[in-house]
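In the working numbering, the protein residues as written are 1060 to 1289. Heads up: the structure comes next, in structure tokens.
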């Protein structure tokens, strides 16, 4: 049985009953890739003789590859080599995700429930190649028709560009759309776009979202999806 909801002062029934669209983050929200990113990041830290633990993981969750590379350049004493570090990280992540990337609990079911009820998309801080690998490896690629990647907008999260572009492609009113996120960076992005934000914390104990749940398998969330009309 799924764990009870963490409602952050709201009831799940406070989710909008009529929405223009639903937009999901990918990594750690729809697809269980965070562990694969950890594999790539741990290997990169190890090559520089550095440990990689929970504090480091918390630093990198939700960051774009360029932003993560900028932090790593300082840690590795390689300032000025951010592009090369980003390429190393990207290659390692691609290999790790291609080996394994499973849907998160409830992801397949919630996507199936939304199909035919309301337009939905994925907006990811990953570059296009990594987003495509994650969706393909998890079996979700043919179930999501609209996807937007970090390298297809001017600014990644926490800027609102990814969510604004997703809603534009769906021809949806962004102020009536719902976003699902697992990181503070993503929540900030969706908030900046003017969306109702559902947070599923993952590696974070708290998220400043309109509603906080434990997983996409939450029974109240499933009930909400079944009753949706756009």
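In this text, a Cβ means the ideal position worked out from N, Cα and C, and glycines have one as well.
Entirely within the stretch 1136 to 1198 and at least 4 residues each: give me those alpha helix (DSSP H) ranges in chain order.
-> 1141 to 1158, 1166 to 1173, 1187 to 1197
Terminal residues of the continuous alpha helix (DSSP H) containing residue 1098?
-> 1093 to 1106
Grab the span of the alpha helix (DSSP H) containing residue 1129 for me, first residue to last.
-> 1124 to 1134
Would you kindly work out how many angstroms separate the C-alpha atoms of residue 1250 and residue 1185, rounded to a whole number?
-> 19 angstroms
Residues bridged to residue 1270 by DSSP?
-> 1257
The stretch 1099 to 1113 contacting the stretch 1159 to 1169, beta-carbon criterion three pairs below 8 angstroms = no
Separation of residue 1114 from residue 1130, as counted between CA atoms | 13 angstroms
Span of the alpha helix (DSSP H) around residue 1279 | 1278 to 1285
When 1174, 1216, 1196 are compared against residue 1205, the one with the closest alpha-carbon | 1174
CB contact flag (residue 1183, residue 1084, <8 angstroms) = yes
Buried or exposed by the 16-neighbour rule on C-beta atoms within 10 Å, applied to residue 1073 = exposed
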